[in-house]
Structures are given as C-alpha cells and as structure tokens.
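The structure appears below as structure tokens.
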DNA sequence: CGATTTCCTGCAATCGTTTGCATATTTTAC
DNA sequence: GTAAAATATGCAAACGATTGCAGGAAATCG
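Protein chains in written order, with our numbering: chain A, 830 to 1176; chain B, 830 to 1176.
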C-alpha cells in the first residue's frame, strides 16, 4: 500500500480510489454511494469499498455540493444564542440532525431585520438544504424570502400566522391556561398578566390563553391587568410588573409569558417592598435551565425543549427528502411544574 | 437588462456577469475580488461591478471553496451547547467572525472522544479554515489530530499543557486566589475547595490557585479540604460538597471551581440542615448568566466571556491569515463580583 | 524611433464529484 | 441459436469559481 503522496496525509480523491481499484471514476463514485450501489456488481463494490478505506478515502463534500447543489448542511437561526431558553432546543436539533448525517450551522439572528436577511442570504449561498427558524414573527418577511428561494423551512417554538410552512410549537394557549388555572385553584382572583410581544406567536397566544382562562373561570379583569413587555427580557419584565403593581393594587398573582419576564417581576415585587409568594404569586413560562435555582424556585410551564428540537429536526429531514410533502404542524402539550413562587393568597 | 432565465431568480454566475460586461470570465473574477482588483483597469472594474450588482450576482462560496481549498467557515466545538457558560462565548465568537466575513458552525462535542474525533474529521472535510475548541483537556489527542492536518486552531477558556497553539483564557489561578482572599478577608479560616476535573486546565489551575492562596495567607488545610468533582455539573458539586461537609465539620466556607458546582453545594448545604451564607459561605466561578438570580445571589469570579470570545475570534482570523505566525496566548484578568452567598463567619 | 518595461486582459487548466447517455456484456425468452 | 431485455461499466460534460502563464497594447526610456 504505497502512500499516495510524499506530502502530508491530505486528500485521497475518488480518482485515486478508482485507479487503485482498476475501475473508472464514475464506477467508484457509484459504488461508494449507498443509493447507487445497486447499479454495480457486488464483487466490484466490495473491492472498491475495501480499497477506499485502505486508502482512507473521504468524499469531499464541497465538490459534491457543487455538483449536486445540496450540502447536507442545515442552518439554525435563533434570536439570541446567549438566551438559555434556546440552548436545549439547539442541542436537540443538532443531535438529531447529525445522526442523520447533517451538519448544522447555528447563527444568531439578533433583532435587526437587515442583518437577519443578510444572514439568510449567506446561508442560502452556502447551499444549506434547509433552515430552521426560531426567530420568526407572526408576519415575517424573512420567511417569504426563504420560500421564494424554495428551500426547506421549519419553524420552532414560534410560528407565523400563515400555514405555509411546517412547525413545531407547544400549545401556548393551553400552557397559559394551565398557569391561570393553577393560580385560581390556589385561591387567586386578582391576577395580572405580563404579556410577551404581540408580534410574536408565543406572546399573542399566551395572552389569548390568559384571557380565555379568566373568562372560563368567570373572572373579571380590567384592561390594566395586562401589560405587554417590549421584549422577552428581564428588564422589560421588571418594568411591566412595576406598572402592573401600580395600576392594580389588589393584585395577588402574576402570570408571565416567559421565565425571564417572571424573574423581572421578582425584582419589581421586591422593589415595591412586597414579597413573593407571600404577597404576590408568580408563574413563569418555559422552565428554562436554572428556573429551579432562583429564589423562590419558579413555578412555571414546561415546554419540552428537547422534544421540540428533535421533532423540528425530524420535520426538517422529512421536508428535505420530500420537498412537496404536506406541511406539518406538531404541537406539544405543555405541563405545569409547581415550585414555590406560587402559594395561596394571604388572608 | 434581460433577465437571465425564465426560471426562478436563481444563480446568476460569474459567466453571466462577464458576458454582460463584455469581458472574459477571469477578468470579472479579478474585478470582483478586492485583493486582485488592482490588476484591472479602473474603468473596467467599475463597469463590471455595476453589472454585477445590477444582475444581483453573488459569488458562490462552494465553487470558490473547491478551487481555493478554503471556505470562510470556522468550526466551534463546545463540550455542551446547553451549558449557559458557553452561550456568551459562542455569541461573541460568531459576532466577531461574521463581521470579518466568516461563518461559524457550532458543534456539540459531548464527552465521547470518538464522537469528537469524528466531528473534527467532518469539519475538516468541509474545509473549515479553522477550529476553535472549548473542549480541550490538558493533554488532548484531538488537538494533535488538528495540528496534523495543519489547520488554524485556537483554544478558548480551557487550554492544554503544551504551547503549540494559540489560546485565550482567564488567569484561573489568579481568579481562585481572588475568591480565597475574599473569604479570608471576611474572616474565614476553615475553607474547603470543590475542585474541577484535574484533566481540564481550569480544574487544575484553580485548584493550584486555591492552594497557593491558602499558603500565602498562612492557612493550613488538610487534604480532605479539597475534593475533586467528577464533572462540571450540579450533581457532582452536590456530592463533592456533601463529602466536604462530612469530612470537615468546622468548615465555614467553600470555594467552588465553577458556578454549577457552587449551586450543587447549595443543595448539599441545605440537605445538611445548614444555611448559606449563615453557616457556610460559598463562592463560585465564571459568573454565568443568572448567577445573580439564584438564592442566595452567588458571589463569584467574572471571567469576561464576551471578551474571551472576541479575542478568540481575532486570534483565529490572525492565524488564518498568517498560518505561521507566533502562537499567542492571551490571558484575561478575572474579577470578583460580590453578592450575598458570602458573609463573615458567625463567631 | 526602436527597445524595454509595465499594465491589462484573455486562455485554459484545475478543484473533486455526480450523472445522463452510450456501450459492452450477460441473461432471458422464444 | 438468435433477438430482446437486463445488467454492468465507461465516457465526458457539467457544477462555478480561481489563477499561472502568455501575449498585446501602452508607457517609459535612451
């Protein structure tokens, strides 16, 4: 087995394999492609395979990609890599995808639309086979861009209003109802809601869930019992909660659209000289990492991020393999996890 | 301006640009490459550029990559994407890299060496221009693999024992001294250490820092005052702390090699019927996201993850551009952030 | 004004695969 | 035993860029 080159142990190409096996390039190519292998006689296949791994051949994905226009690469765009909520989702996506032979390239989309758009363009240029978006707004121009280029798209965690594309989300509406029901059962009647941004599906649906749950319980609430936070951030939550407390003196509980918002509420409550859960109960949403370690440990709604990621990856693979299949929307059931940020109202 | 194809708005290639500008392919290529542009007459350049963006030309990175053997792609391997400590580092790396025209592909290396090795192989096959590793052990075979393939490597947060490759870390030793000094100044004398895994540089150096700081203060400590956690995880921290408390009844403070370990210690302390900081002070390390929101808010050592990421990216870019430049090791200064998990020992 | 040098631009090979088509070769059918 | 069908392989053209080399035009020089 003569080493191919005196230089470093770089690139043994298909040509080398073919030459060493005494067959044509194209035959080697086919023998090495599981999907084409049946075209070649078994004996020849096994010889080529043997030679290939004796030589340590590895297919060059770049060259292959140039020819086939697909890359075995999928892009994942999140609004904020540093946000712990997305970590397990990303992890699960890459896991499942990599098991199927895909590499993922995750990018931080940020808030800026132009940057997002540029990002998408760049990923498309790199021939990603698909894009999973965790950033999407309810009516998102980026999404149209993607669809114009007709590449596989799946939405995760957040969805858009049209039904043009596959997605996996939790039942946000139901999740919030769970939260409100929990509070009501503890005895709360004066409940406030820190809503997420209305242009994001989670914000919209959770608010809706809040309203429905209150109505179903026959509870009245004023307009001022709902304050929309500017963003899913702690500071925004703090501001919203402060306003809630000021405008609704009799409030005994707050249902927040998100854990970070809930943590912001903790601050506002302390700043108002109150205490959670003694004066105000708080329930969050998402059960993000460390939600159990804050003080008080946060009662929240678990959305199963890993399952979400796995499903998203599966949907993506399906879509890549069958670009014109039906769009699928999987919605997972959320569950309540009770910790100590909620308690019966005092009295 | 005739649209090139009746089909979708896909790929206008260099050929199209050349044809439309009435020049040769190669001329167009040069005109569009900032580094070669000077070879072409200014008038021609501007015509070509004009045509290029009238047609909406975008260079195909795949084709370019095939020819040039470089990809404008860099890989980032972390031990655990879901670990919040790495989030800001990753975010900072991608930011800086993307500003320089590089895309990043983030992969979760996990614990398994074979999987890591396969991952590296795959990234190399994809022609990444460089790899930043946050996973590395003090003596890591993966690293050798990378160096054999001679691609640019930079280590972040953790480093290896040899000086073969550029890295950016914090002064882990100094960080731990900061922590111990803080405890000593509060009046603690009986201090325990939850060490990180010894095969990781941070674990090793922080332990060393602990020992040096204690010695410098003239404090004695028994062997049993240091217990090594099996991994940087909460459960491991809990077990280690439990042992520490059992073996050292007079302990009044614990310096943990990492925030997650510190949080584990919280549990062990509560389980022992003690309270932090009243009975036992705890100081963590890293100041990871939400360290301020746990109870009690964690006194810890800030390592400047964003700066670390930025520097790593810069080092990477430098290395790619000058593969044989000197290896650089930047070490950042940690700082103490005081919260309420530390207090003077009760008498 | 002829000889050099400098400046531009074109030619064509190359990067490593994949794949439609054509050409053996073998098998099956009649 | 021959025609038809099936099977196995080779041929060569892509995919879309980059770049060493060479040659023509223009500029510089003596």
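By construction, the Cβ of each residue, glycine as well, lies at the ideal position given by its N, Cα and C atoms. Remember, it's a predicted structure, so these values are computed and weren't measured experimentally.
Going by the DSSP bridge assignment, what does residue i pair with across the sheet?
i: residue 1023/A; result: 1056/A, 1085/A
i: residue 1158/A; result: 996/A
i: residue 959/B; result: 903/B, 981/B
i: residue 936/B; result: 906/B
i: residue 965/B; result: Looking at the DSSP assignment, residue 965/B forms no beta bridge with any residue, so it has no partner.
i: residue 1130/A; result: 1165/A
i: residue 1123/B; result: 1123/A
i: residue 1111/A; result: 1083/A
Would you report the Cα separation of residue i and residue j, rounded to the nearest angstrom?
i: residue 886/A; j: residue 947/B; result: 14 angstroms
i: residue 1005/A; j: residue 1034/A; result: 8 angstroms
i: residue 837/A; j: residue 1136/B; result: Any reading at residue 837/A must be qualified, since the residue scores a pLDDT of 38, below 50, and its modelled position is unreliable; no value is offered.
i: residue 902/A; j: residue 901/B; result: 15 angstroms
i: residue 1022/A; j: residue 991/A; result: 26 angstroms
i: residue 1097/B; j: residue 924/B; result: 39 angstroms
i: residue 892/A; j: residue 890/B; result: 11 angstroms
i: residue 938/A; j: residue 1053/B; result: 48 angstroms
i: residue 880/B; j: residue 865/B; result: 18 angstroms
i: residue 871/A; j: residue 858/A; result: 14 angstroms
i: residue 860/B; j: residue 1130/A; result: 56 angstroms
i: residue 831/B; j: residue 926/A; result: Low confidence applies to residue 831/B: its pLDDT is 35, below 50, so where it sits in the model is not reliable, and the reading given next is rough at best. Cα to Cα, residue 831/B sits roughly 41 angstroms from residue 926/A.
i: residue 1048/A; j: residue 995/A; result: 36 angstroms
i: residue 895/B; j: residue 945/B; result: 25 angstroms
i: residue 931/B; j: residue 1141/B; result: 13 angstroms
i: residue 972/B; j: residue 1029/B; result: 14 angstroms
i: residue 957/B; j: residue 899/B; result: 7 angstroms
i: residue 1164/A; j: residue 1121/A; result: 15 angstroms
i: residue 949/B; j: residue 983/B; result: 14 angstroms
i: residue 1116/B; j: residue 1114/A; result: 24 angstroms
i: residue 1032/A; j: residue 1065/A; result: 13 angstroms
i: residue 1172/A; j: residue 1106/A; result: 6 angstroms
i: residue 1151/A; j: residue 965/A; result: 23 angstroms
i: residue 856/B; j: residue 882/B; result: 16 angstroms
i: residue 835/A; j: residue 841/A; result: Reliability fails at residue 835/A, whose pLDDT of 33 lies under 50, so the model's placement of it is uncertain and the value that follows must be treated cautiously. About 12 angstroms.
i: residue 1010/B; j: residue 1020/B; result: 11 angstroms
i: residue 1055/A; j: residue 1162/A; result: 24 angstroms
i: residue 833/B; j: residue 845/B; result: Legend: pLDDT at residue 833/B = 34, less than 50; position of this residue unreliable, value from coordinates given subsequently. Roughly 8 angstroms separates the two Cα atoms.
So residue i and residue j are supposed to be a Cβ contact under 8 angstroms. How far apart are they, rounded?
i: residue 1094/B; j: residue 1085/B; result: 6 angstroms
i: residue 1166/A; j: residue 1123/B; result: No, residue 1166/A and residue 1123/B are not in contact; Cβ-Cβ is about 17 angstroms, not under 8 angstroms.
i: residue 998/B; j: residue 1160/B; result: 6 angstroms
i: residue 1101/A; j: residue 1074/A; result: 5 angstroms
i: residue 922/B; j: residue 1133/B; result: Going by Cβ atoms, the distance from residue 922/B to residue 1133/B rounds to 13 angstroms, so no, they are not a contact pair.
i: residue 1145/B; j: residue 904/B; result: With a Cβ gap of about 10 angstroms, residue 1145/B and residue 904/B do not count as contacting.
i: residue 789/B; j: residue 1118/A; result: Examination of residue 789/B is not possible in this model, given that chain B is present from 830 through 1176 alone.
i: residue 1170/A; j: residue 1104/A; result: Not a contact, Cβ separation roughly 11 angstroms.
i: residue 908/A; j: residue 847/A; result: Between residue 847/A and residue 908/A the Cβ distance is about 48 angstroms, and since that is not below 8 angstroms, they are no contact.
i: residue 1002/A; j: residue 1041/A; result: 7 angstroms
i: residue 1036/B; j: residue 1044/B; result: About 13 angstroms separates the two Cβ atoms, so there is no contact after all.
i: residue 976/A; j: residue 993/A; result: 6 angstroms
i: residue 1089/B; j: residue 1062/B; result: 6 angstroms
i: residue 941/B; j: residue 969/B; result: With 8 angstroms as the limit, residue 941/B and residue 969/B do not qualify as a contact, their Cβ atoms being about 14 angstroms apart.
Report yes if the CB atom of residue i is closer than 9 angstroms to the CB atom of residue j, and no otherwise.
i: residue 1012/B; j: residue 1112/B; result: yes
i: residue 915/A; j: residue 986/A; result: yes
i: residue 934/B; j: residue 934/A; result: yes
i: residue 911/B; j: residue 906/A; result: no
Inset, instruction - Mind checking the region 1119 to 1148 of chain B against chain A and listing, in chain order, the residues whose C-beta falls within less than 7 angstroms of any C-beta there? - result: 1119, 1122, 1123, 1124
Inset, instruction - Pull out every residue of the region 903 to 923 of chain B whose Cβ sits closer than 7 angstroms to any Cβ of chain A, in chain order. - result: 910, 911, 913, 916, 917, 919, 920, 923
Inset, instruction - Return the residues of the region 954 to 978 of chain B that lie within a Cβ-Cβ distance of less than 9 angstroms from chain A, sorted by chain order. - result: 954, 955, 956, 977, 978
Inset, instruction - Compile a chain-ordered list of the residues in the region 934 to 945 of chain A whose CB is closer than 8 angstroms to at least one CB of chain B. - result: 934, 935, 936, 937
Legend entry - Contact list for the region 884 to 895 of chain A against chain B, Cβ threshold 9 angstroms: 887, 888, 889, 890, 891, 892, 894, 895
Legend entry - Residues, ordered as in the chain, of the region 1082 to 1112 of chain A that lie near chain B by beta-carbon distance below 7 angstroms: 1092
Legend entry - Against chain A: residues of the region 1048 to 1077 of chain B by CB proximity under 7 angstroms: none
Legend entry - Selection of the region 847 to 868 of chain A by Cβ proximity to chain B, strictly under 8 angstroms: none
Inset, instruction - Would you list, in chain order, the members of the region 1148 to 1171 of chain A that have their beta-carbon closer than 8 angstroms to a beta-carbon of chain B? - result: none
Legend entry - the region 977 to 1007 of chain A: positions lying closer than 9 angstroms to chain B by Cβ: 977, 978, 979
Inset, instruction - Check each residue of the region 1024 to 1048 of chain B: if its Cβ is closer than 8 angstroms to any Cβ of chain A, include it; give the result in chain order. - result: none
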